[in-house]
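Peer 1: In UniProt numbering, the protein residues as written are 1 to 242.
Don't be surprised by glycine CBs; every beta carbon is placed ideally from N, CA and C.
What follows is a structure written as structure tokens; I'll ask about it next.
The structure is reproduced here in structure tokens:
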């Protein structure tokens, strides 16, 4: 296929994929059905620790990133494939990421705290692949259309963004310590690029819309200090659910 034919084909597939189901879901949702807090940050910034801390609050449902799904789609591991060859597999993974993140956003829990969001999937990770030259323009265009369709047709409210602001160097050290198989190939430069995009989006606010107020928590500290930080900010975070 030529690039233009490939674009038309992919765009058609994405427009058709689950549109009837998603439209039905959108039509059935009330105007304001829940409170949603999104925990954002670089790879190994401490998001899981933050979510584990707040999971002890009975009124909050915690939703972690569905990494197990990204590792096993009917026997395939698109997460590992993307890290090995992002130009070939970037659109495959990110299409599935957008779908699974949308599913998280549509959870029926009255108060939910989720790891990352549909917005960071697009504004950070898709954008990084494109800016670094590892995603062809046609793939970027298709994912942008898919994202635009979702946000135009489905209500995805966010009440608070908790940004765990962590240096790329700290993230790199933590990443090496936790030894996830797919992450062994991630260089410091990749984490630096992700960090810059987060700063551009949530701190400087110079690139993409920010869908909610942002609470910045410095997250370079050790575990005990971070647990203290979460306790210090507990009232501010839970205020979003009132």
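Taking contact to mean at least 3 C-beta pairs separated by less than 8 angstroms, is the region 76–86 in contact with the region 113–120?
Peer 2: At 8 angstroms Cβ cutoff, the stretches do not touch.
Peer 1: Tell me which residues share the same chain as residue 87 and place their Cβ nearer than 6 angstroms to its Cβ, disregarding the 5 neighbours each side in the sequence.
Peer 2: The residue labelled residue 87 in the question sits at position 87 within the chain shown. The answer, listed in chain order, is 134.
Peer 1: Quick check: the Cα distance between residue 137 and residue 92, rounded to an integer number of angstroms?
Peer 2: Position 137 of the chain shown, counted from the first residue, corresponds to residue 137. Position 92 of the chain shown, counted from the first residue, corresponds to residue 92. Between residue 137 and residue 92, the C-alpha separation is close to 14 angstroms.
Peer 1: Any idea which residues DSSP pairs residue 150 with across the strands?
Peer 2: Within the chain shown, numbered from 1, the residue matching residue 150 stands at position 150. Paired residue(s): none; residue 150 is not in a bridge.
Peer 1: Per the DSSP calculation, residue 73 is bridged to which residue(s)?
Peer 2: Translated into the one-based positions of the chain shown, residue 73 becomes position 73. The partner list for residue 73 (beta bridge, DSSP) reads 76.
Peer 1: Note down the Cα distance separating residue 156 from residue 111, rounded to an integer number of angstroms.
Peer 2: Counting from one through the chain shown, the residue named residue 156 turns up at place 156. Counting from one through the chain shown, the residue named residue 111 turns up at place 111. The alpha-carbon atoms of residue 156 and residue 111 are separated by roughly 14 angstroms.
Peer 1: Could you check if residue 228 is buried or exposed, using at least 16 other CB atoms within 10 Å of its CB as the buried criterion?
Peer 2: The residue you call residue 228 lines up with position 228 of the chain shown. When all chains shown are included, residue 228 counts as exposed.
Peer 1: So, for residue 24: in the same chain, excluding its five sequence neighbours on each side, which residues have a beta-carbon less than 6 angstroms away from its beta-carbon?
Peer 2: By 1-based counting over the chain shown, the position of residue 24 is 24. At residue 24, the pLDDT of 48 sits below 50, so the modelled position is not reliable; the number obtained from the coordinates is stated separately. Hits under 6 angstroms: none found.
Peer 1: Compute the Euclidean distance between the alpha carbons of residue 236 and residue 149, then round it to the nearest angstrom.
Peer 2: In the chain shown, the residue the question calls residue 236 occupies position 236. In the chain shown, the residue the question calls residue 149 occupies position 149. When rounded, the distance between both Cα atoms is 33 angstroms.
Peer 1: Near residue 89, which residues of its chain fall below 8 angstroms by C-beta distance, leaving aside the five closest residues on each side in sequence?
Peer 2: Here the question's residue 89 lines up with position 89 in the chain shown. Only 78, 81, 82 meet the Cβ criterion.
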